[in-house]
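Some notes on the structure that comes next.
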Amino acid sequence: MPVLAALSVYAYYIGFDLWFRLQAMLPSRRDAKTIVHVAANPGKAVGRLRSILGHCLEKRHDREETRRRFEEARATDASFLGRRIRFLLVLTSVAPLLGLLGTVNGMLLTFDGLSRHIGRKMDLVAGGISEALVTTQAGLLIAIPAFALAHLVSRRRHEWLYLLRRLESHALRANDSIPKTS
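Numbering (UniProt numbering), first residue to last: 1 to 182.
See the structure below:
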């Protein structure tokens, strides 16, 4: 059970850390409608968007360089978030397996109680069955909400990457509309 508790704390720490990071990175629904304005005026952006726009639109590079920089920013974020989400999914998958391990251990205690201890047989059998059920339940209680959290975080990751693609498109259009000086 202590291993399940530690796994639970770690999985939820990673899940909520990702959730709050993505919440901070993504603009609110209201602000997302002004993406054209942000792409044309990078100084108005905040947080991660501001740093990405600053990097990608620095010195108004040519179209290909701007596109390459946006791709680099997307790849960096996608890689980091993807690794963390995969690790969260691994932890989520391990929880029921640890619960199953506890079930096996509980059943072994049950059979041990049945075979060895004649006088206290029912106490040992009940304790073994109880351990088997509690660890299975704990593993599932950890895994099911953690899996839902991983799904929500994954969805937010896709929203973030889509937002970066839209931002790139609008930034390239805004960059093209600026008169070139020779």
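Quick reminder that beta carbons are idealized off the backbone N, C-alpha and C, glycines included.
Spatial distance of residue i from residue j (CA atoms)
| i | j | result |
| --- | --- | --- |
| Gly127 | Gly106 | 8 Å |
| Ser182 | Arg166 | In this prediction, Ser182 has a pLDDT of 47, which is less than 50 and means its spatial position is unreliable; what the coordinates show is noted afterwards. Roughly 29 Å separates the two Cα atoms. |
| Trp160 | Val104 | 43 Å |
| Ser8 | Arg86 | 16 Å |
Limits of the alpha helix (DSSP H) - the one that residue i falls within
| i | result |
| --- | --- |
| Met25 | 2 to 25 |
| Pro72 | Going by the sequence as given, residue 72 is Glu instead of Pro. Residues 63 to 116. |
Residue i in three-state terms, based on DSSP
| i | result |
| --- | --- |
| Val46 | coil |
| Leu57 | coil |
| Asn175 | helix |
| Ser169 | helix |
| Ser28 | coil |
Residues of its chain near residue i, where Cβ-Cβ distance is below 7 Å and the 5 sequence neighbours each way are ignored
| i | result |
| --- | --- |
| His143 | Residue 143 is actually Ala in this sequence, not His. Closer than 7 Å at the Cβ level, and outside the excluded window around Ala143, lie Thr92, Ala95, Pro96. |
| Ala6 | none |
Beta-carbon proximity check, residue i vs residue j, cutoff 8 Å
| i | j | result |
| --- | --- | --- |
| Gly139 | Leu124 | no |
| His170 | Val46 | no |
| Arg67 | Glu168 | yes |
| Leu149 | Leu26 | no |
| Leu141 | Arg84 | no |
| Ala40 | Cys56 | no |
| Arg157 | Leu81 | yes |
| Met1 | Thr135 | yes |
Contacts around residue i, its chain only, beta-carbon distance under 8 Å, and the 5 residues preceding and following it disregarded
| i | result |
| --- | --- |
| Asn175 | Leu57, Arg60, Arg63, Thr66 |
| Val3 | Leu98 |
| Gln137 | Gly99 |
| Gly15 | Leu88, Ala146, Leu149, Ala150, Val153 |
Close-in-space but distant-in-sequence residues of the same chain around residue i (CB under 6 Å, 5 per side omitted)
| i | result |
| --- | --- |
| Ala132 | Thr103, Gly106, Met107 |
| Phe70 | Cys56, Glu168 |
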